[in-house]
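Colleague:
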Amino acid sequence: MTAQVRWGVLGTANIAAHAFLPAMRAAGGVATAVGSRDPERSAAWASDNEVGRATTYGDVLAADDVDAVYIAVPNDQHVEWAARAAATGKAVVCEKPLGLNLAEVDDLLDRAGDALLWEAFVFPFHPQTALLRRLCSPGGPIGGAREIISEFHFRVTHPDNNRWQAAQGGGALLDVGCYPIRLARLLFDADAAVRVAATSATTPDGVDAEFAAVLDFPGEQRLLFSVGMRRCPSTYTRILGDTGELRVSNPFHPTDGDTVELWQDGERSEVWAADPAPAFQHAAQHVADVVRGATRPRHLASTDARGNAATLDMARAAVPA
Ligand SMILES: NC(=O)c1ccc[n+]([C@@H]2O[C@H](COP(=O)([O-])OP(=O)(O)OC[C@H]3O[C@@H](n4cnc5c(N)ncnc54)[C@H](OP(=O)(O)O)[C@@H]3O)[C@@H](O)[C@H]2O)c1
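Just so it is clear: in the sequence shown, position 313 is 659 by the working numbering, and no numbers are missing.
The structure is reproduced here in C-alpha cells:
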C-alpha cells in the first residue's frame with residue numbers, strides 16, 4: 347500500500363468531475379484510472395480532469411494500481427457495479443441511492459459480504475453534522491430534535507438527464523428524497539421511519555418530478571420533506587425542538603457561505619459558518635484513512651444503507667394511486 351490512496355472512477359460523470367475528484371485530491375488521493383463505455387469520451391475526460399489513464403469499467407476493477415473505486419453510473423446500475431467492485435477486495439464508494447429498493451440493497455449487501463462499501467452520502471463525515479448532532483442532543487439548546495422540515499429542490503433542465511429516465515431509476519425521491527431521510531435517521535438516531543404519508547407529481551413516463559412526505563419516526567419524532575427537479579435550488583432545513591430551532595442552509599453538501607443558525611424565542615442567538623472545504627473532502631479523507639489502516643470504518647453500507655432503502659420504499663408505497 348502506498349501512502350497516497352489511488353482511486354479508480356467508474357463513469358465519466360459530472361459528479362465525479364466536479365465534486366468527487368477535487369475533494370479526493372484535497373484529501374491527498376490520486377486518480378489513476380477512469381472507466382467508461384466509450385474510449386473517446388473517457389480519453390477526453392481523463393485529460394480534462396487529470397486522471398492517469400482512460401480504460402473500461404472492468405479494467406479499473408482489475409487494476410493493480412487502484413486501491414479504491416468511486417462508482418458514479420446511473421442508479422439502476424449501482425448494485426451490479428458495486429457488487430463487482432466489492433468482489434475485488436478494493437474499497438468501494440458507490441453513489442446514492444445504493445439500490446432502487448430494499449430488495450436490491452439486500453442483494454448487494456449479501457454479495458458484498460464484509461467488503462469496505464459505502465453509499466456516497468458525504469454529510470455524515472462532515473464537521474457540520476457533528477455540530478448538528480451536538481446541538482440536537484437532549485440536553486442541548488433546542489431541547490432535542492423533534493421535527494425536521496427539509497427541502498432539496500433544484501432544476502434538471504436536460505430531458506436526457508438520467509434523473510428523467512424511469513428505466514435508469516430516475517425521479518426526485520430516489521435522487522434527492524434520500525437526503526432528508528438520511529439526515530432524519532442520523533439526527534433522530536433511528537433506523538427507519540415507522541409510518542409515511544406522501545404525495546408526488548409524476549411525468550407521463552412515470553418519473554416523480556416532485557415528491558413530498560410526512561414521516562413518523564420512533565419516539566414521536568417527525569420528518570416533513572419536499573424535494574423536486576424543477577424548482578429553484580434550495581436545501582433549506584429547519585430542525586425544531588422544545589426550546590429552540592436550528593436553521594441550516596445546506597445540511598447535505600455544506601461549503602463556503604453555508605451556515606447553521608440557532609434560534610430561541612424568536613431571536614437568532616448564534617451562527618456557525620460551514621467549513622469552506624469541498625463537501626466531499628471529509629468523506630474522501632475517511633475512506634483514505636481506512637484504506638491506509640489509520641482508522642476504523644464508520645457509516646459503512648452494511649450498517650447504514652438498509653434503513654434508507656426501507657424508508658424510501660415506504661414513501662413510494664404511501665403515494666395514493
Ligand atoms: N452524492 C452526491 O452528492 C451526488 C450528486 C450528484 C449525483 N449523484 C449520483 O451520481 C450518479 C451520477 O450522476 P451524474 O449526475 O453525475 O450523472 P452523469 O453526469 O450523467 O454521469 C453518469 C455516467 O454514467 C455512465 N453511464 C453508464 N451507463 C449509462 C447509461 N445507460 N446512460 C447514461 N450514462 C451511463 C456514463 O459514463 P460513461 O459513458 O463514461 O460510461 C455517465 O457519464 C447518480 O447515481 C447520482 O444519483 C450523487
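Just so it is clear, CB atoms sit at the ideal spot from N, CA and C, and this is done for glycine as well.
With a threshold of 7 angstroms (Cβ to nearest heavy atom), would residue 470 be considered close to ligand 1?
Modeller: Outside the cutoff, so no.
Colleague: Can you give the Cα-Cα distance for residue 426 and residue 612, rounded to whole angstroms?
Modeller: Straight-line Cα distance between these residues: approximately 50 angstroms.
Colleague: State yes or no: is the C-beta of residue 357 nearer than 7 angstroms to some heavy atom of ligand 1?
Modeller: Yes, the beta carbon of residue 357 sits closer than 7 angstroms to at least one heavy atom of ligand 1.
Colleague: Could you tell me which of 374, 363, 357 and 369 sits nearest to residue 351, measuring between CA atoms?
Modeller: For residue 351, the nearest C-alpha among the options comes from 374.
Colleague: Distance, Cα to Cα, residue 551 vs residue 573?
Modeller: Cα to Cα, the separation comes out at about 19 angstroms.
Colleague: Enumerate in chain order the residues of its own chain whose CB-to-CB distance from residue 382 is below 6 angstroms, with the five nearest sequence positions on each side excluded.
Modeller: The answer, listed in chain order, is 358 and 388.
Colleague: Quick one, which of 354, 609 and 648 has its alpha-carbon nearest residue 487's?
Modeller: Among 354, 609 and 648, the Cα nearest to that of residue 487 is on 609.
Colleague: Keeping to the same chain, check which residues put their C-beta closer than 8 angstroms to that of residue 391; ignore five residues upstream and five downstream.
Modeller: Closer than 8 angstroms at Cβ, skipping near neighbours: 358, 363, 380, 382, 397 and 400.
Colleague: In whole angstroms, what separates the C-alpha of residue 407 from that of residue 354?
Modeller: The straight-line gap from Cα to Cα measures roughly 8 angstroms.
Colleague: Quick one: what does DSSP say residue 525 is sitting in, helix, strand or coil?
Modeller: Residue state, collapsed to three classes: helix.
Colleague: Can you tell me whether residue 484 is buried or exposed? The criterion is at least 16 other CB atoms within 10 Å of its CB, across all chains shown.
Modeller: It is exposed - the Cβ of residue 484 has fewer than 16 other Cβ atoms within 10 Å.
Colleague: Which residue's Cα is closest to the Cα of residue 587: 567, 432, 601 and 575?
Modeller: The shortest Cα separation from residue 587 among 567, 432, 601 and 575 belongs to 567.
Colleague: Compute the distance between the beta-carbons of residue 415 and residue 438, then report whether it is under 8 angstroms.
Modeller: Contact flag set, yes.
Colleague: For a test of the three-state rule: what should DSSP assign to residue 382, helix, strand or coil?
Modeller: The answer is coil: DSSP assigns residue 382 none of H, G, I, E or B.
Colleague: Where DSSP assigns a beta bridge to residue 407, which residues make up the other side?
Modeller: None, per the DSSP bridge assignment.
Colleague: Where DSSP assigns a beta bridge to residue 355, which residues make up the other side?
Modeller: Note: residue 355 sits in a beta bridge opposite 380 and 416.
Colleague: Check each candidate in 394, 372, 453 and 356 and name the one with the smallest Cα separation from residue 412.
Modeller: Ranking 394, 372, 453 and 356 by Cα distance to residue 412 puts 356 first.
Colleague: Looking at the structure shown, is residue 595 part of a helix, part of a strand, or coil, going by DSSP?
Modeller: Residue 595: coil per DSSP, three-state reduction.
Colleague: How many Å lie between residue 639 and residue 349 at the Cα?
Modeller: Rounded to whole angstroms, residue 639 to residue 349 spans 11 angstroms at the Cα level.
Colleague: Whose CA, out of 370, 581, 660 and 569, lies closest to the CA of residue 533?
Modeller: Checked all of 370, 581, 660 and 569; the closest Cα to residue 533 is 569.
Colleague: Strictly by DSSP, which residues pair up with residue 399?
Modeller: Note: residue 399 sits in a beta bridge opposite 379.
Colleague: In its own chain, which residues sit with a C-beta less than 6 angstroms from the C-beta of residue 494, not counting the 5 before and 5 after it?
Modeller: Correct list, in chain order: 530, 569 and 585.
Colleague: Can you say whether residue 617 is buried or exposed, counting buried as having 16 or more other CB atoms within 10 angstroms of its CB?
Modeller: So residue 617 counts as exposed.
Colleague: Compute every distance between the C-beta of residue 717 and the non-hydrogen atoms of ligand 1, then say whether any falls below 7 angstroms.
Modeller: In the structure as shown, the chain begins at 347 and stops at 667. Residue 717 is therefore absent and cannot be evaluated.
Colleague: Mind checking who residue 612 pairs with in its DSSP beta bridge?
Modeller: According to DSSP, which records beta bridges pairwise, residue 612 is partnered with nothing at all.
Colleague: Please report the straight-line C-alpha distance between residue 474 and residue 482, rounded to a whole angstrom.
Modeller: Taking the straight line joining both Cα atoms gives about 12 angstroms.
Colleague: For the alpha helix (DSSP H) that contains residue 474, what are its first and last residues?
Modeller: Taken as a continuous stretch (DSSP letters only), the alpha helix (DSSP H) holding residue 474 covers 473-481.
Colleague: Which runs of the alpha helix (DSSP H) fall wholly inside the region 420-453 and span at least 4 residues, in chain order?
Modeller: List check, alpha helix (DSSP H) in window: 424-433.
Colleague: Measuring only the C-alpha atoms, how far is residue 546 from residue 667?
Modeller: C-alpha separation (whole angstroms): 10 angstroms.
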